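Numbering (the working numbering), first residue to last: 285 to 634. Where is the CB? At the ideal position from N, CA and C, for every residue including glycine. Just so it is clear, the structure is predicted and the values come from calculations on it, not from any experiment.
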Amino acid sequence: QQEAPVFDVEGKLVLAPDGSIQTSPDGNGSIYRALLKSNALEDMKKRGVRHLHCYSVDNALILPADCEFVGYCALQGKSSGAKVIEKTSPEEKVGVFAREIISPSSSRIRVLEYSEIEPSVRDEREEVVFDEVLPGNMRIDDDSSFVKIEKYNRPPWTHFNPDNRRLRFRLANIANHYFSLEFLCKVAQMTEEDSMEYHVVEKDVPCYYGDGDNTAAMTKQRTKKAIKLESFIFDAYKYSSDGVTIFEGERKLDFAPVKRAVGDDSPESARRMISFLHSTWIAKNGGRIQWGGYGGLVEVSPLVSLRGENMEIVKDADVQRDTSIELGWKPPSERQTPWHRYYGKHSSLP
285 QQEAPVFDVE
295 GKLVLAPDGS
305 IQTSPDGNGS
315 IYRALLKSNA
325 LEDMKKRGVR
335 HLHCYSVDNA
345 LILPADCEFV
355 GYCALQGKSS
365 GAKVIEKTSP
375 EEKVGVFARE
385 IISPSSSRIR
395 VLEYSEIEPS
405 VRDEREEVVF
415 DEVLPGNMRI
425 DDDSSFVKIE
435 KYNRPPWTHF
445 NPDNRRLRFR
455 LANIANHYFS
465 LEFLCKVAQM
475 TEEDSMEYHV
485 VEKDVPCYYG
495 DGDNTAAMTK
505 QRTKKAIKLE
515 SFIFDAYKYS
525 SDGVTIFEGE
535 RKLDFAPVKR
545 AVGDDSPESA
555 RRMISFLHST
565 WIAKNGGRIQ
575 WGGYGGLVEV
585 SPLVSLRGEN
595 MEIVKDADVQ
605 RDTSIELGWK
615 PPSERQTPWH
625 RYYGKHSSLP
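Next comes the structure, spelled out in structure tokens:
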């Protein structure tokens, strides 16, 4: 990565201890220049590589070289693609895909970062066609009169919750990308000739302050909301002249981010999502998980299964909690007593 200067919230340059301008990495969009300078693109050409899959966030459910996603994008014949999930909450800190109107006759697909979207646009929801929700006639109050629903621009019933409508901008960018090698070469050359535009990112940055030219008197402080300039991998989508293939995945199958130490989007929440998904594989293939009444985790090694295939080994088997199913795993030779019996609950076993 290259470096870009850092500004404070007043637009002033931040200084380093030696009096030079404080800089920070300019974002993962620098990868395109790095691919060109390292000759990695030429090496891929020589080896016959045509399609690439990349991801750029900590996601415990990512499937490297996702054959379904990459294969679909390749069959569509477009130069770029993205796997997305539906954004269900306006406050979720993910970017969204949108179509930017350049002129009356041209447009392009791009990603809007969550920090760059106006709240009014972020919160906008789809309009509901009420005669599709509840077509026909509806009785009013206790008399015998009827009204046609389509005559009203708002429902005559009171339990309708407008917040249940889907967000207008709901295709969340989860940093799961497909690019053709030809397209990557094009983007790398364009960024070499004319650098990608920067996004303004507010982050805590180490800043140094002192008394005039007295470097020794400078003390290190943390300045909140310092301004960093970053470019991102997804900025390449706007260079795709033939459009972007959008492939919608499922949150429970494709997205378990790790962004913080505890709580939501933490290592613990990611482990639970992996365990839940792998538990469904075991159950669908006739296995029984003995949770023991206290919860626990189960995991299937990716060497055994990537998407729930090849799980015949668990058929009619008892899997104990906190089990990792690895290559060569064998079920217990004897059927385990269901934990329900120890707690006086009903069991269907004889």
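How about Y521 and I369: are their beta carbons less than 7 Å apart?
no
Spell out a yes or no on whether the region 478-485 and the region 554-567 are touching, meaning 3 or more CB-CB pairs, one atom from each, closer than 8 Å.
no
Consult DSSP for L590 and reduce its assignment to one of helix, strand or coil.
coil
I think K599 touches G570, with their Cβ atoms under 8 Å apart; what is that distance to the nearest whole Å?
4 Å
Assign S524 to one of two classes, buried (16 or more other C-beta atoms within 10 Å of its C-beta) or exposed (fewer than that).
buried
Beta-carbon within less than 7 Å of A349's beta-carbon, same chain only, minus the 5 sequence neighbours each way: which residues are those?
H337
Output the boundary residues of the beta strand (DSSP E) element that contains I573.
572-574
What residue range is occupied by the uninterrupted alpha helix (DSSP H) comprising K536?
535-538
Element boundaries [beta strand (DSSP E), containing Q604]:
602-604
Meets three-Cβ-pair contact criterion under 8 Å: the region 353-360 and the region 388-406
no
State the Cα-Cα distance for the pair V298 and I305, rounded to the nearest angstrom.
6 Å
As a quick exercise: from R591, P586, R605, D606, pick the residue whose alpha carbon is nearest that of G612.
P586
Can you check which of these residues, E352, D407, E596, is closest to K680 by C-alpha distance?
The structure shown does not extend to residue 680, since the chain spans only 285 to 634, so no value can be given for it.
Residue nearest to A324 in terms of C-alpha spacing, selected from M474, C469, A344:
C469
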